[in-house]
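Just below is one structure, and these are the notes that go with it.
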Amino acid sequence: MNASIWNHYEKIPGKSTAKCLLCKKEYSYKTTITNLKKHLKHKHISAYQNFLNSYQTETTRTTENRQQSIFKQEAESSNTSQQQAVHPAVMQIVPPGRTFKSKYRRQQQTTAYVPRKMDEKQKKNIDKKLLRIITQDYQPFSVVEDNGFKSFVEALNPSYELPNRKLISKTLIPGRYLDCKNQMMELVQKAKKVCLTTDCWTSQDMDAYLAVTAHFLIDFEMKTVLLHCEHFSGSHTADALAEALKNIAIEWNIVEKITLAVSDNTANITSAIGKTGWPIFGCFLHKLNLIIEKAIVLLDFILEKVKKIVGHFKKSNLATESLAKYQIDRTVALRLIQSVPTRWNSVYYMLERFLKLQGALQAVLPNLRSDLPIITVEMWETLRQVCIILKPFEEITQIMSSTHYLTASLAIVIVDGLKNVMSIMKTKPIYGVAKTFLLKLEEGLEINFPRHVIEDNMLLGLCTFLDPRFKIHAFLDNASAEVEPTLETTSQRITRVNLIKEHILDLLKIKIRKKRGTPAVETISYIPPRAASTSQDIETISIWGKIDKTIAAMTPSVDDIATSAENELEMFINEPVYNLFGVIVHRETLHKKTNKYAF
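Using full-length UniProt numbering, the letters of the sequence shown map in sequence onto residues 1 to 599.
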């Protein structure tokens with residue numbers, strides 16, 4: 001017991017104190033180590049668990065050694081007594097090659113069927129698997145007290161002893177949390193730059209929470225780490241939120257790495273991020289959701305009818321069975337979908353399914369309750385047109401929610417594409433409330449995504465230009481487009497492309513200089529600069545002539561670096577673009593190829 005405690009402490013010579021190796025604080029221990037154990041238990045839970053495991057291992061090893069010693073003594077005693085008791089005549093009767101089995105040998109055979117005690121490594125591994133059931137499958141702590149689960153575990157491994165609820169909640173879960181946090185801290189430290197996403201929400205019990213997630217690249221692979229998710233007490237003022245965000249950044253040592261913070265568009269969190277000094281960008285999908293929610297109220301009168309009909313089928317088994325009977329062309333009958341207030345796209349799914357079952361509904365509804373709403377021919381057509389209008393928005397929501405690639409490069413392309421789709425739809429036969437709905441969506445796009453916020457944003461422009469799916473094509477107008485671009489728009493886009501190119505060239509020049517070991521800025525020299533002399537006149541010959549010529553030949557000129565940067569950029573632009581829906585990977589061969597010419 002005493003031996004394992006010193007894995008976590010260091011004795012102070014000449015004192016009755018020991019220094020904790022984890023927090024570097026000194027604690028008195030005198031004749032017992034109780035004080036040292038208490039410190040580990042309350043301040044370093046993971047270390048305390050390791051100490052307990054080590055103690056159990058020591059105890060087990062001591063017990064086994066003691067048992068083996070007893071068995072050995074008994075065996076020796078038994079052999080001696082047997083040898084003394086057996087008559088020489090009897091010894092001659094024993095067949096050659098056979099011996100008397102000792103008591104010790106019989107003891108080994110008996111205990112061979114008893115399950116051996118599990119070693120520490122095996123127990124830790126199974127403990128981790130048990131914790132995954134709780135942390136990943138959301139099983140309650142009480143699962144370890146269920147009789148069925150107990151018998152199941154015992155059948156798998158009788159040697160494993162299930163921990164109780166208290167040990168799981170007080171020791172194992174906190175210890176696993178600290179291990180995971182330390183691993184994630186090491187991973188985050190490898191990141192050169194970090195983008196943060198923040199979220200604030202209130203639970204059903206009216207408890208407020210704050211979550212912060214970090215996104216970064218390591219070896220061209222995107223990583224996402226949840227830095228913080230805790231109950232946020234007190235008032236949700238901008239100052240309080242800003243202080244919390246700063247503390248999280250300090251704790252994870254990423255203050256100097258934050259390039260952008262993304263949040264929803266509520267005033268308090270937006271103001272809070274502004275107070276931190278971090279660049280901020282509102283959540284794209286959140287803005288899109290607000291645009292649709294404001295426009296969809298125009299359809300309330302018809303949506304309420306649809307919701308009431310869907311609600312009736314959800315509550316009535318008879319109505320559902322009747323609807324299934326009329327779906328003779330389907331192997332599996334479809335059911336109606338009810339919308340969810342917090343998700344606009346659930347309205348789209350409800351209407352899409354409602355339209356898909358139009359024939360069956362028109363056959364069933366007249367035979368059901370008389371108080372159900374009537375959907376007229378004009379309403380069916382309105383619903384069809386609304387679904388057509390909403391389909392591009394639903395597609396974007398799916399792409400932005402499920403992509404494993406960086407999404408910043410999609411913003412310019414998506415907004416431009418949506419505005420183009422809205423303009424095209426205005427020329428199509430869409431009438432009545434559906435047309436009003438369309439115009440409201442178009443207005444929302446112009447208000448929430450104006451050109452100076454999206455298209456003139458240099459960060460988004462760089463991301464889009466460097467995305468191998470888009471490159472320069474995202475900034476060029478298609479001459480065959482149904483909506484002709486204006487001369488002013490074309491001129492603005494050309495100017496924007498040139499600005500982005502200049503910015504990329506500046507970044508490339510810095511990288512080329514760094515690769516070649518050339519200073520990015522002019523440095524101060526201890527030797528006054530000399531003009532390299534090419535004259536062979538005896539009066540102008542200098543001892544510095546040879547070294548000056550060598551340095552001049554080896555040092556790349558500004559024009560040479562600029563040319564290399566321009567060549568690399570052109571190579572990138574001229575490479576074929578990736579498929580828009582393909583998997584984007586880092587192509588090592590292309591990387592080496594560009595390095596060959598540029599560096």
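In this text, a Cβ means the ideal position worked out from N, Cα and C, and glycines have one as well.
Buried versus exposed call for residue i [16 or more other C-beta atoms within 10 Å across all chains shown]
i, result
"H44", "buried"
"G175", "buried"
"A249", "buried"
"Q195", "Here residue 195 turns out to be Cys, not Gln, going by the sequence shown. Classification of C195: buried, given that the 10 Å Cβ count is 16 or more."
"V122", "The sequence shown places Gln at residue 122, not Val. When all chains shown are included, Q122 counts as exposed."
"Q49", "buried"
"A272", "buried"
"N595", "Confidence at N595 is low in this model, with a pLDDT of 44, below 50, so the placement of that residue should be treated as unreliable; the coordinate-derived value is given next. Exposed, since its Cβ has fewer than 16 Cβ neighbours within 10 Å."
"A267", "exposed"
"Q136", "exposed"
"E293", "exposed"
"G461", "buried"
"Q385", "buried"
"E230", "exposed"
"T464", "buried"
Other residues of its chain near residue i: CB distance less than 7 Å, five sequence neighbours each side excluded
i, result
"W201", "Y209"
"L21", "H8, Y9 and E10"
"A47", "H8, L22 and L40"
"K15", "none"
"V433", "L298, L299 and T382"
Cross-strand partners of residue i (DSSP beta bridge)
i, result
"L196", "A214 and A261"
"G282", "S263"
"A208", "T202"
"K11", "A18"
"R343", "V340"
Close-in-space but distant-in-sequence residues of the same chain around residue i (CB under 6 Å, 5 per side omitted)
i, result
"V421", "P392"
"V144", "L162"
"E442", "M422"
"W278", "I258 and A261"
"K25", "none"
"T17", "E26 and S28"
"R493", "F475"
"F449", "V415"
"T34", "none"
"T320", "F313"
"R369", "none"
"T397", "N345"
"T197", "T213 and V262"
Opening and closing residue of the beta strand (DSSP E) in which residue i lies
i, result
"C229", "E221 to H231"
"S409", "Taken as a continuous stretch (DSSP letters only), S409 belongs to no beta strand (DSSP E), as it is neither H nor E."
"residue 629", "What is shown of the chain runs 1 to 599, which leaves residue 629 out entirely."
"C23", "Premise fails: C23 is in no beta strand (DSSP E) and is neither H nor E."
Residue span of the alpha helix (DSSP H) that contains residue i, given as start and end
i, result
"K246", "A238 to E251"
"E304", "D300 to K315"
"N157", "It is not in any alpha helix (DSSP H) - N157 carries neither H nor E in the DSSP assignment."
"D137", "It is not in any alpha helix (DSSP H) - D137 carries neither H nor E in the DSSP assignment."
"F393", "V377 to S402"
"Y177", "I173 to Q189"
"F465", "M458 to L466"
"Q362", "Q358 to V364"
"F437", "G432 to N448"
"K43", "T34 to K43"
Whole-Å CB distance - residue i paired with residue j, under 8 Å assumed
i, j, result
"T270", "K246", "With a Cβ gap of about 16 Å, T270 and K246 do not count as contacting."
"R496", "F475", "6 Å"
"F51", "I5", "6 Å"
"L459", "L288", "At roughly 19 Å, the Cβ-Cβ gap does not stay under 8 Å, so L459 and L288 are not in contact."
"L372", "K315", "Contact flag wrong, Cβ pair sits at about 12 Å."
"A214", "V188", "6 Å"
"F216", "M400", "Rounded, the Cβ-Cβ distance is 19 Å, inconsistent with contact."
"A211", "D199", "5 Å"
"Y326", "V364", "6 Å"
"E446", "I412", "So it is not a contact: roughly 15 Å between Cβ atoms."
Residues of its chain near residue i, where Cβ-Cβ distance is below 8 Å and the 5 sequence neighbours each way are ignored
i, result
"C387", "Y348, L351, E352 and L355"
"D127", "P163 and L172"
"S169", "F141"
"P529", "Below a pLDDT of 50, predicted positions are generally treated as unreliable, and P529, at 46, falls in that range; the measurement from the model is reported next regardless. Excluding sequence neighbours, P529 sits near nothing in its chain."
"T224", "T213, A214 and H215"
"G218", "It should be noted that the sequence gives Ile, not Gly, for residue 218. The residues are L187, K190 and A191."
"W252", "M185, V188, A214 and L227"
"L438", "I389, M422, M425, K426 and I430"
Any non-hydrogen atom of the ligand NAP within 8 Å of residue i CB
i, result
"N125", "The ligand NAP is not among the ligands present in this structure, which contains no ligands whatsoever."
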